[in-house]
Amino acid sequence: MKVVVIGAGPAGLAAAEVLCSNGVAVEVFDAMPSAGRKFLLAGRGGLNLTHSEPLETFLSRYRPRNPLLDRAVRSFGPDALRDWSDGLGVPTFVGSSGRVFPRDFKAAPLLRAWLHRLRAGGVVFHMRQRWLDLGEDGRSVRLAAPDGERTVRADAVVLALGGASWPRLGSDGAWQSVLQARGIALRPLVPANCGFDVPGGWSGHFASRFAGQPFKSVAVEVEGTRRLGEFVATESGIEGSLVYAFSAALRDRIASEGHATLRLDLLPARSFEQVLSEVSHPRGSRSLSSHLKSRLGLEGIKLGILHERLSREALHDPMRLAGSIKSLALRLAAPRPIEEAISSAGGVCFESLDEHLMLQALPGVFCAGEMLDWEAPTGGYLLTASIATGRLAGTGVLRHLGRA
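In terms of full-length UniProt numbering, the sequence shown has 79 at position 79, counting the first letter as 1, and numbering is strictly consecutive.
Structure follows, in structure tokens:
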């Protein structure tokens, strides 16, 4: 028996691992020159494997909440993922934020150990092989290889083709048209964990001085939910971890209403009354900027955003100025393109799959990873679910082939 896995990212590798460890011959095909390209990119700033929070809280981070995704993550959740990493010789630790990282923060050693284990288990890798289509019965795949097209027969196929973020690393979403032509229900791929543009962009003065600089120790509120953290001003808007935490809500509000608003608290450690008292304090001959720096520590980009968004009259009205320092409305016009997003939302609807992630319309064809219709914030949730769904698909293949 032979199983073909399309995609050498975390989901595809996870499926291959389940299969080869159960004695099934596996061949992995990927369009890129080497495996795990996006995995390595994710680890560039320190590989965030998973999160240490309680499992029920962890599961609540995914949307839309789906029993199949819950089942996958429950069967191979954060604790199992840490044990797995340790088994590959890459111990992990919990950071101050609760996020889990390899001890050396690096992705490459983990990927090397993983690929070594897979190859030792008999998995064969074929790189620079771009998937084009499935055979009519789903038992073969058509691929574009450097020397021309080829067709490979298999007893089952696992599709782990990713979403549409970072297409230069292989996940370009081209699979959507192929599956749609087979009648598979899909939701359009849209950006997730993405930045946003402000209407008309920033003024030239603000962009030239502050693009690339962070808003540190701030709070953001969107639709009644408030979080502390930091984010970054871009040439045309905002991005960063605190923005990504709200990106789904902001994106959906823009889609339905044409715009969205977040409220920015520049001094979350101070109450409105405290801020009002300080801005109302007589400043004598000092400039407003010097006064705000002296009394409240406001300077740099925090002071810049007040000048960018408030009129001269508002800046010199203590009540309005204090209100803006504590709750500055930032209107957002559009998410950044999906090519720039950390991840994507949408994909193969869970209703198209059976309980083992097999396409009901194409028996023997399984789907896993980011090409499924789910999304999650950064923090280890993306990688955990990709590996968990890959393993569930691998287990499903074993059942389909009568090997479980």
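All C-beta atoms, glycine included, are put in the ideal place defined by N, C-alpha and C.
Exclusion of the five residues before and after PRO167 leaves GLU339 as the residues of its chain whose Cβ lies within less than 7 Å of its Cβ. The C-beta of GLN176 has 16 or more other C-beta atoms within 10 Å across all chains shown, which makes the residue buried. Cα atoms of SER34 and ALA160: separation of roughly 15 Å, rounded to the nearest angstrom. In this structure, DSSP gives TRP114 a helical state, which the three-state scheme calls helix.
In terms of Cα proximity to GLY43, the closest of HIS51, GLY36, VAL28 and LYS106 is LYS106.
Nearest in C-alpha terms to ALA393, of all of LEU49, PRO91 and LEU68, is LEU68. Contact between the stretch 207–218 and the stretch 298–309 is established, with three or more Cβ pairs separated by less than 8 Å. When GLY138, GLY200 and PHE196 are compared, the shortest CA-CA separation from ARG251 is found for PHE196. Under the three-state reduction of DSSP, LYS293 is assigned to helix. Partner residues in a beta bridge of ILE184, as assigned by DSSP, do not exist.
Note: TRP131 is bridge-paired with LEU143 in the DSSP secondary-structure output. Of the residues GLN180, ALA154 and VAL100, the one whose Cα lies closest to the Cα of HIS400 is ALA154. Distance check between GLU370 and each of ARG187, GLU308 and ARG119 places ARG187 closest, using alpha-carbon atoms only.
The alpha helix (DSSP H) runs lying completely inside the stretch 155–214 and spanning 4 residues or more are 175–181 and 204–210, given in chain order. Burial of GLY36 is indicated by the presence of at least 16 other C-beta atoms within 10 angstroms of its C-beta.
Judged by DSSP secondary structure, CYS367 falls within the beta strand (DSSP E) whose first and last residues are 365–367. Put simply, the stretch 383–398 touches the stretch 3–16. At least three CB pairs are less than 8 Å apart.
Beyond the five residues adjoining it in sequence on each side, GLY201 comes within less than 6 Å, by CB distance, of SER236 in the same chain, given in chain order. Put simply, the stretch 56–74 does not touch the stretch 112–125. Fewer than three CB pairs are less than 8 Å apart.
In the three-state reduction of the DSSP assignment, THR378 falls in the coil class. Pairwise C-beta distances place the stretch 303–311 out of contact with the stretch 129–149, as fewer than three of them are shorter than 8 Å.
Straight-line spacing of the CA atoms in GLU230 and GLU239 works out to 9 Å. Beta-carbon to beta-carbon, VAL397 and CYS367 are separated by about 11 Å, too far to satisfy the 8 Å threshold.
Scanning its chain for C-beta atoms nearer than 6 Å, with the 5 sequence neighbours on each side dropped, one finds around VAL365 the residues GLY138, VAL157 and LEU359, in chain order. When DSSP states are grouped into helix, strand and coil, ALA329 belongs to the strand group. In chain order, ALA376, PRO377 and TYR381 place their CB closer than 7 Å to the CB of ARG61, counting only its own chain and leaving out the 5 sequence neighbours on each side. DSSP, read as helix, strand or coil, puts GLY323 in helix. Straight through space, the alpha carbons of LEU330 and ARG253 are spaced by roughly 14 Å. As the crow flies, the alpha-carbon of TRP84 is around 49 Å from that of SER203. Residue ALA334 holds the alpha-carbon nearest to the alpha-carbon of ALA255 among VAL28, ALA334 and ILE6. When DSSP reads this structure, HIS126 sits in a beta bridge with PHE29. Contact between ALA345 and ALA192 holds: CB atoms are separated by about 4 Å, below the 8 Å threshold. DSSP places THR234 outside any alpha helix (DSSP H), giving it a letter other than H or E. Listed as beta-bridge partners of LEU359 by DSSP are LEU353. Separation of ARG63 and LEU372 (C-alpha to C-alpha, rounded to the nearest whole angstrom) is 11 Å. With respect to the 8 Å criterion, HIS281 and ARG263 are not classified as neighbours on the basis of their beta carbons.
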